[in-house]
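Throughout the sequence shown, residue numbering follows UniProt numbering, covering 1 to 427 in sequence.
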Amino acid sequence: MASTRHLSHCEQLKDKNKDMKNSLKLDTNQSAETERCESIELDDEIRNLIEKTMASQSHEKSVAQGSVLSKRTSCSLKTCSKTDVRGHLLWAETSISSMESSAQQSKCLLLTKKKSISTDTLEQQIISLERQRQELLEVNKQWDQQFRSMKKQYERKLAEVKAKLDASQKRVRELEEEQHQNQQECEGLRGLVRDGFLQEVKEQEVQNEALHGMKEENKLLKEKNASMTRKQEHYECEISRLNKALLDALQKQCSSFHVPHLDKSDRNCKHEEMRTQLEVLRQQVQIYEEDFKKERSDRERLNEEKEALQKINERSQSQLSKLNSQIKACLKEKEQLEKQLKHQTKVLAVPTERHCIQPQVFLPPCANYGNCGLCHHYQDPWLHTTVRGIHDQQQHPPDYQWYVPDQFPPDVQHKANDSSSKKEVHH
Numbered sequence: 001m002a003s004t005r006h007l008s009h010c011e012q013l014k015d016k017n018k019d020m021k022n023s024l025k026l027d028t029n030q031s032a033e034t035e036r037c038e039s040i041e042l043d044d045e046i047r048n049l050i051e052k053t054m055a056s057q058s059h060e061k062s063v064a065q066g067s068v069l070s071k072r073t074s075c076s077l078k079t080c081s082k083t084d085v086r087g088h089l090l091w092a093e094t095s096i097s098s099m100e101s102s103a104q105q106s107k108c109l110l111l112t113k114k115k116s117i118s119t120d121t122l123e124q125q126i127i128s129l130e131r132q133r134q135e136l137l138e139v140n141k142q143w144d145q146q147f148r149s150m151k152k153q154y155e156r157k158l159a160e161v162k163a164k165l166d167a168s169q170k171r172v173r174e175l176e177e178e179q180h181q182n183q184q185e186c187e188g189l190r191g192l193v194r195d196g197f198l199q200e201v202k203e204q205e206v207q208n209e210a211l212h213g214m215k216e217e218n219k220l221l222k223e224k225n226a227s228m229t230r231k232q233e234h235y236e237c238e239i240s241r242l243n244k245a246l247l248d249a250l251q252k253q254c255s256s257f258h259v260p261h262l263d264k265s266d267r268n269c270k271h272e273e274m275r276t277q278l279e280v281l282r283q284q285v286q287i288y289e290e291d292f293k294k295e296r297s298d299r300e301r302l303n304e305e306k307e308a309l310q311k312i313n314e315r316s317q318s319q320l321s322k323l324n325s326q327i328k329a330c331l332k333e334k335e336q337l338e339k340q341l342k343h344q345t346k347v348l349a350v351p352t353e354r355h356c357i358q359p360q361v362f363l364p365p366c367a368n369y370g371n372c373g374l375c376h377h378y379q380d381p382w383l384h385t386t387v388r389g390i391h392d393q394q395q396h397p398p399d400y401q402w403y404v405p406d407q408f409p410p411d412v413q414h415k416a417n418d419s420s421s422k423k424e425v426h427h
């Protein structure tokens, strides 16, 4: 019975010791939890207060550890007495009574010390913790205000960035559409310029062929004209020779009238010969006159054809100069369109952040294409020289002169008049 009582008393003391340890752990945990500050940097005063509270807690822990050691020694003695309980029952009872009295005394001392120490330290801890709580509340309020302001500022900046992003995306879409339209327009203009250029080249080739044909025809006409002039000179020489022969015959006839000693038969023979010669000469003169009239009509017809060909040549030269000017204008327009296309590609290659201002597209001025009416004429030096040569030819007449129709040349007409007057005198 005594041993069971002794064991139950030891178990009670162990339970009390455990309760005291648990209460000390709870106090230390509560003080540690109150001293924690999540995501807050404490100033120097708060750190000093925490150091003071930690020093007081360490002092309390040392006192509690001393009491626990004393209890452990009593418990160890009790366990030793348990082992000797069989042989020393009387001594165990006295030792148990003395141990109970000593345990009660130590318990009373610990309680009084703990109360006296804990009241002062707890009051200081409460004051320091209240001050820390107030400071932490103020810091939390400040951080809350700062967080709210930063949140609003961030939301405002986020909305601005989203608006800028939407505007830049819209601008990029517009620029892409403009680029697509410009590319289509440039392709259309290039096709038109290419078709117009090919058509103009074909027309120029046709004009060149026509001009070459006209030049060949003009060359043939010039050769014909030269042959006609040579024939005219030959005819004039022949007419002058016949006029001289006629004059010689007339002079001989006049001299024969003055010779009385000639016979009548001789005179009749000579007279018949003269008549035949005159008839031959008249026939020749008639033939020459017909040839002359024919050549003169041919010459007039050739002159008319030459004038018509010169007009056609001038017209073709003017058309050729216009085509050359159109080709130059088209080439300039093509270069301007290529430059504009390169500039637009460079502008679209720049990042979209820099395209805050809409770039203006400057189209080149319309050259002589379609029905715009802006025509730049350039004089062709070859055309200028050819027209000037034709004008000089028109101003300066040829060396030979044509006579009035149905009339002989002046020398022939003069000789014919002389011969007719002599015939009248003779008759």
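Backbone N, C-alpha and C fix where the C-beta goes; we use that ideal spot for every residue, glycine too.
Note that this is a predicted model, so its numbers are computed, not measured.
How do the segment 160-176 and the segment 308-315 stand: do at least 3 beta-carbon pairs fall below 8 Å, yes or no?
no
From LYS219, CYS269 and LYS339, pick the residue whose C-alpha is nearest to that of LEU302; which is it?
LYS219
Starting from the C-beta of HIS377, find all residues in its chain whose C-beta is less than 6 Å away, skip the five residues before and the five after it, and write them out in chain order.
Note on HIS377: pLDDT 43, under 50, position unreliable in the model; the coordinate value appears next. Correct list, in chain order: SER325.
Is the Cβ-Cβ distance between HIS323 and CYS186 less than 8 Å?
The question names His, yet the displayed sequence has Leu at residue 323. Contact flag unset, no.
Is the separation between the beta-carbon of ASP298 and that of MET214 shorter than 8 Å?
No; because the gap between Cβ atoms is not below 8 Å, this pair is not in contact.
Would you grab the beta carbon distance between GLU333 and VAL193 for me? Rounded to a whole angstrom, and I think it's under 8 Å.
7 Å
Distance, Cα to Cα, LYS231 vs THR276?
Cα to Cα, LYS231 sits roughly 27 Å from THR276.
Pick out whichever of GLN253, TYR288 and GLN286 has its Cα sitting closest to the Cα of GLU272.
GLN253
Do GLN204 and LEU348 have their C-beta atoms closer together than 8 Å?
no
Less than 7 Å between C-beta atoms, sequence neighbours within five positions excluded: which residues of the same chain meet that for HIS88?
Residue placement at HIS88 cannot be trusted, given a pLDDT of 46 that sits under 50; what the coordinates show is reported in the next sentence. If we look at HIS88 and ignore the five residues flanking it on each side, it has no Cβ neighbours.
If you count every other CB in all the chains shown that lies within 10 Å of the CB of SER128, and 16 or more means buried, which is it?
buried
Whole angstroms is fine: what's the gap from LYS346's alpha carbon to ASP195's?
28 Å
Could you check whether LEU221 and GLU305 sit closer than 8 Å to each other, using their CB atoms as the reference points?
yes
Are the beta-carbon atoms of GLN344 and GLN184 separated by less than 8 Å?
no
Which word fits PHE292, buried or exposed, when buried means at least 16 other C-beta atoms lie within 10 angstroms of its C-beta?
buried
Assign LYS125 to buried or exposed, taking buried as 16 or more other Cβ atoms, counted over all protein chains shown, within 10 Å of its Cβ.
According to the sequence displayed, residue 125 carries Gln and not Lys. By the 10 Å Cβ count, GLN125 comes out buried.
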